[in-house]
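There are 2 protein chains.
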Amino acid sequence: MRHLAPAALHRITTRIFEAVGTPEDIASDVADVLVDNHLAGHDSHGVLRIAQYLQWIREGRIVPHARPEVLVDTSSTALVRGHMGFGQSVALVATDLATAKAKRNGVAAVSVVDLGHTGRLGAFTERAARQGVVMFMTVGSGGPAMTVPFGGAEPSLGTNPIAFSLPRGSQDPVTLDYATSAIANGKLMLARAKGEPVPEGSIVDREGAPTTDPEDYFAGGHLLPFGGHKGYALAVIADLLAGPLAGADSYSGAVMETGVFMFAVASDAFRPERDYLRAMDAVTARITGVPPAPGFDDVLLPGEPEARTHRARLNDGIPLPEETLAELTQIAADLGLDIDALDVPLPSGGGTPTRRQ
Amino acid sequence: MRHLAPAALHRITTRIFEAVGTPEDIASDVADVLVDNHLAGHDSHGVLRIAQYLQWIREGRIVPHARPEVLVDTSSTALVRGHMGFGQSVALVATDLATAKAKRNGVAAVSVVDLGHTGRLGAFTERAARQGVVMFMTVGSGGPAMTVPFGGAEPSLGTNPIAFSLPRGSQDPVTLDYATSAIANGKLMLARAKGEPVPEGSIVDREGAPTTDPEDYFAGGHLLPFGGHKGYALAVIADLLAGPLAGADSYSGAVMETGVFMFAVASDAFRPERDYLRAMDAVTARITGVPPAPGFDDVLLPGEPEARTHRARLNDGIPLPEETLAELTQIAADLGLDIDALDVPLPSGGGTPTRRQ
Numbered sequence: 001m002r003h004l005a006p007a008a009l010h011r012i013t014t015r016i017f018e019a020v021g022t023p024e025d026i027a028s029d030v031a032d033v034l035v036d037n038h039l040a041g042h043d044s045h046g047v048l049r050i051a052q053y054l055q056w057i058r059e060g061r062i063v064p065h066a067r068p069e070v071l072v073d074t075s076s077t078a079l080v081r082g083h084m085g086f087g088q089s090v091a092l093v094a095t096d097l098a099t100a101k102a103k104r105n106g107v108a109a110v111s112v113v114d115l116g117h118t119g120r121l122g123a124f125t126e127r128a129a130r131q132g133v134v135m136f137m138t139v140g141s142g143g144p145a146m147t148v149p150f151g152g153a154e155p156s157l158g159t160n161p162i163a164f165s166l167p168r169g170s171q172d173p174v175t176l177d178y179a180t181s182a183i184a185n186g187k188l189m190l191a192r193a194k195g196e197p198v199p200e201g202s203i204v205d206r207e208g209a210p211t212t213d214p215e216d217y218f219a220g221g222h223l224l225p226f227g228g229h230k231g232y233a234l235a236v237i238a239d240l241l242a243g244p245l246a247g248a249d250s251y252s253g254a255v256m257e258t259g260v261f262m263f264a265v266a267s268d269a270f271r272p273e274r275d276y277l278r279a280m281d282a283v284t285a286r287i288t289g290v291p292p293a294p295g296f297d298d299v300l301l302p303g304e305p306e307a308r309t310h311r312a313r314l315n316d317g318i319p320l321p322e323e324t325l326a327e328l329t330q331i332a333a334d335l336g337l338d339i340d341a342l343d344v345p346l347p348s349g350g351g352t353p354t355r356r357q
Numbered sequence: 358m359r360h361l362a363p364a365a366l367h368r369i370t371t372r373i374f375e376a377v378g379t380p381e382d383i384a385s386d387v388a389d390v391l392v393d394n395h396l397a398g399h400d401s402h403g404v405l406r407i408a409q410y411l412q413w414i415r416e417g418r419i420v421p422h423a424r425p426e427v428l429v430d431t432s433s434t435a436l437v438r439g440h441m442g443f444g445q446s447v448a449l450v451a452t453d454l455a456t457a458k459a460k461r462n463g464v465a466a467v468s469v470v471d472l473g474h475t476g477r478l479g480a481f482t483e484r485a486a487r488q489g490v491v492m493f494m495t496v497g498s499g500g501p502a503m504t505v506p507f508g509g510a511e512p513s514l515g516t517n518p519i520a521f522s523l524p525r526g527s528q529d530p531v532t533l534d535y536a537t538s539a540i541a542n543g544k545l546m547l548a549r550a551k552g553e554p555v556p557e558g559s560i561v562d563r564e565g566a567p568t569t570d571p572e573d574y575f576a577g578g579h580l581l582p583f584g585g586h587k588g589y590a591l592a593v594i595a596d597l598l599a600g601p602l603a604g605a606d607s608y609s610g611a612v613m614e615t616g617v618f619m620f621a622v623a624s625d626a627f628r629p630e631r632d633y634l635r636a637m638d639a640v641t642a643r644i645t646g647v648p649p650a651p652g653f654d655d656v657l658l659p660g661e662p663e664a665r666t667h668r669a670r671l672n673d674g675i676p677l678p679e680e681t682l683a684e685l686t687q688i689a690a691d692l693g694l695d696i697d698a699l700d701v702p703l704p705s706g707g708g709t710p711t712r713r714q
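Chains as they are written, first to last, in the working numbering: chain H, 1 to 357; chain P, 358 to 714.
Structure below.
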């Protein structure tokens, strides 16, 4: 495990995407989001994705130089077409548009269509929240069906993620950010490797029958929505908002038939911001101010684990396994970049990013 | 069990509330919602509540003649103060305001404060959906804490319900409508009576330790959010939207310190309605078009069980236990109303409401 300074990881990520024809501002947007995901502890949405994105660029599934076009632009709504640009960059543009409209008019709804993979939604909703705007976001299931509907024997849903963030002034936002399926692929692989069962209600076997044996999943089984019929309902709503409402299927050129739906409300839409913030302090203190259950140290707010990881990694650097760093170095070398000249390595436990002398 | 015509149940409900000083239009609004809840099969949010509401009127917790006041009214936002009027009536006014704004400007956010108990949220979100508007709604926890946060040993949340409805033209809307707690009180009482365990992850005992024994709940235990940490996050978001964002705590006269937050988007905000409806048909057919799992007849959309019950009860009448009907008759008699003269009883299985000759 090596620890990299966030700025160094940002630099190498930007350079790699620039080397395949991405304008610097777009490459930097993508790097912003990938590094933010690492800082939040969601390494599966970080530089591990670079090889896949480069592959998608070669296949035309991401157009690195594409710039989003705003097709509808009213005082409180916008429809953004990404022309298959990087999902991270297109979604940042849409986030900032929704944020600006909400700050001006109290509320906004934005649809985004024809864009690449966005990754972790919290990166966008938290960006809005840090500007004083409550944001909700969902992404449709463009990919193969993986999740069975409640009462179904075969999959018909994606992982249909949703996110909500609410501002807390200078404190970290409260953020809900998750797939509506019960378990992540990574956790299934881990349980399989350890020979351990997964929690009840996470998966079904290939016949659609409930199981807790991860082997059943890898033998043709499927994911369940989290929380039974309640999570199923949420998965459906996410699918419908990002699909039929956002309207991604109207753009036949889109390679990923998936859309993004965002709504945004200014935190001072209904009363002065100081009253909102005071109430946020009071209510969040009430929610978390109970004794922990056996086996827990604390009651945490949604998003608090990520915020803690963010603070720790800003200080200690982002830990990357040797094999990930080797892959990154190889990708860079293949593109004619010298990763060492970019000052990527940082001593484990080091504080601030290294600077070139 | 007796079956009453919806119109008859509406009439007696309206007359009872009129008899305690409620203007006819408000009494009729309240009856609309209570009868709609029965039609949806949610009898716990129907006429069973009348005795409690009359008690609350006597205590000043509902002001039957109060009319809502619109304190903020912009093109896309509104803040409605209920002056402790019936929650059902105030929320209907707010729903129609949000619907009208969304139809005019694409999107709306509405906060409602200082109102009585609203009951089932789907009654409001479906009303918006039947007018072509996607609606999200949440109600804050004004009452005592009943639900423990994830990792907590004592309760700090309410049951924090949320609802989403999306229109489907002349078909029933897709509706998510539930408490973010894992189990309803009624189901706990039923399990206790049968001596059966409740599903894992529903309740904790008085020490905050997980249990499936309903006796542990009635011995000082508490509810869990549905779906573990994911449902907990949703409960917190619901609490914060309807609380700090909606701003109910700014109205010190309010007896119930709970607010309502609504978000509305026109279904044609991003493309022509016919394209939206076509995509809704396609996506809902894809989601439900898989074989059912063992033990299930069908894969249903969220809200479909309620819609089926609605159709059946429109035809067969609303079943009420004899004791509920006796209580209703007594309440009416105490107010000087002759329930029989109101044509309440309807032969079981009868079709249309009886009419006075």
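We put the beta carbon where it would ideally sit given N, CA and C, even for glycine.
Throw me the rounded Cβ distance for the residue i and residue j pair, which I believe falls under 8 Å.
i      : j      : result
P/G444 : P/G476 : 7 Å
P/V496 : P/T615 : 6 Å
P/F374 : P/P425 : At roughly 16 Å, the Cβ-Cβ gap does not stay under 8 Å, so P/F374 and P/P425 are not in contact.
P/G473 : P/A520 : With a Cβ gap of about 18 Å, P/G473 and P/A520 do not count as contacting.
H/V283 : P/D596 : 6 Å
Could you give the DSSP three-state label for residue i: helix, strand or coil?
i      : result
P/P419 : Note that residue 419 of chain P is Ile in the sequence shown here, rather than Pro. Of the three classes helix, strand and coil, the one that applies to P/I419 here is coil, per DSSP.
H/L346 : Any reading at H/L346 must be qualified, since the residue scores a pLDDT of 48, below 50, and its modelled position is unreliable; no value is offered.
H/E13  : Contrary to the premise, residue 13 of chain H reads as Thr rather than Glu in this sequence. Helix at H/T13.
P/M441 : strand
P/P678 : coil
P/H717 : Limits of chain P in this structure are 358 at one end and 714 at the other, which puts residue 717 of chain P out of reach.
H/Q171 : strand
H/G186 : helix
H/G122 : helix
H/R127 : helix
P/T504 : strand
H/V198 : coil
P/V647 : coil
H/L157 : strand
P/H667 : helix
H/T211 : strand
P/G509 : strand
H/L48  : helix
P/A636 : helix
H/R67  : coil
H/V20  : coil
H/L245 : helix
Who pairs with residue i in a beta bridge, going by DSSP?
i      : result
H/H229 : Its beta-bridge partners do not exist; DSSP assigns none.
P/Y535 : P/I519
H/H222 : H/V204
P/F493 : P/F521, P/F620
P/D430 : P/A435
P/R631 : According to DSSP, P/R631 bridges with nothing at all.
P/S607 : Looking at the DSSP assignment, P/S607 forms no beta bridge with any residue, so it has no partner.
H/A108 : H/A264
H/L115 : H/G85
Using a cut-off of 8 Å between C-beta atoms, extract the partners of residue i located in chain H.
i      : result
P/G600 : A279, V283
Can you pull the chain H neighbours of residue i, defined as C-beta to C-beta under 7 Å?
i      : result
P/L657 : G151
P/P518 : Chain H residues near P/P518: none, gap ~11 Å exceeds 7 Å.
P/G693 : The premise fails here: P/G693 is roughly 42 Å from chain H at the closest Cβ pair, so nothing lies under 7 Å.
Run down chain H in chain order and give the residues with a C-beta less than 9 Å from the C-beta of residue i.
i      : result
P/V304 : For chain P, the structure presents residues 358 to 714; residue 304 of chain P sits outside this window and is missing.
P/S513 : R286, I287, T288, G289, V290, V299
Can you pull the chain P residues whose beta carbon is under 7 Å from the beta carbon of residue i, in chain order?
i      : result
H/S250 : R628, D632
H/F296 : G508
Which chain P residues are close to residue i, counting only those with a beta carbon under 9 Å from its beta carbon?
i      : result
H/L188 : Result: empty, since nearest Cβ-Cβ is about 16 Å, beyond 9 Å.
Three or more C-beta pairs below 8 Å linking the region 599 to 608 of chain P and the region 258 to 271 of chain H: The answer is yes - the region 258 to 271 of chain H touches the region 599 to 608 of chain P, with three or more Cβ pairs under 8 Å.
Is there contact between the region 122 to 134 of chain H and the region 101 to 112 of chain H, where contact requires at least three CB pairs shorter than 8 Å? Result yes; three or more Cβ-Cβ pairs closer than 8 Å.
Can you confirm whether the region 145 to 152 of chain H touches the region 646 to 663 of chain P when touching is taken to mean that 3 or more C-beta pairs between the two stretches lie within less than 8 Å? Contact holds: three or more Cβ-Cβ distances are below 8 Å.
Does the region 674 to 687 of chain P come within contact of the region 410 to 428 of chain P, defined as at least 3 CB pairs closer than 8 Å? Under the 8 Å Cβ criterion, the region 674 to 687 of chain P does not count as touching the region 410 to 428 of chain P, having fewer than three qualifying pairs.
Does the region 580 to 600 of chain P come into contact with the region 533 to 546 of chain P, if we say contact requires no fewer than three beta-carbon pairs (one atom in each stretch) closer than 8 Å? Verdict: yes, contact present.
Can we say the region 542 to 561 of chain P touches the region 412 to 429 of chain P, given the rule of at least three CB pairs closer than 8 Å? The region 542 to 561 of chain P, when compared against the region 412 to 429 of chain P, does not touch it at the 8 Å Cβ threshold.
Please determine if the region 388 to 407 of chain P and the region 656 to 671 of chain P are in contact, where contact requires at least 3 C-beta pairs separated by less than 8 Å. The count of Cβ pairs closer than 8 Å, one atom from the region 388 to 407 of chain P and one from the region 656 to 671 of chain P, reaches three, so the stretches are in contact.
At least three beta-carbon pairs within less than 8 Å, the region 78 to 85 of chain H to the region 42 to 49 of chain H: With a cut-off of 8 Å, the region 42 to 49 of chain H and the region 78 to 85 of chain H do not count as touching, because too few Cβ pairs lie within range.
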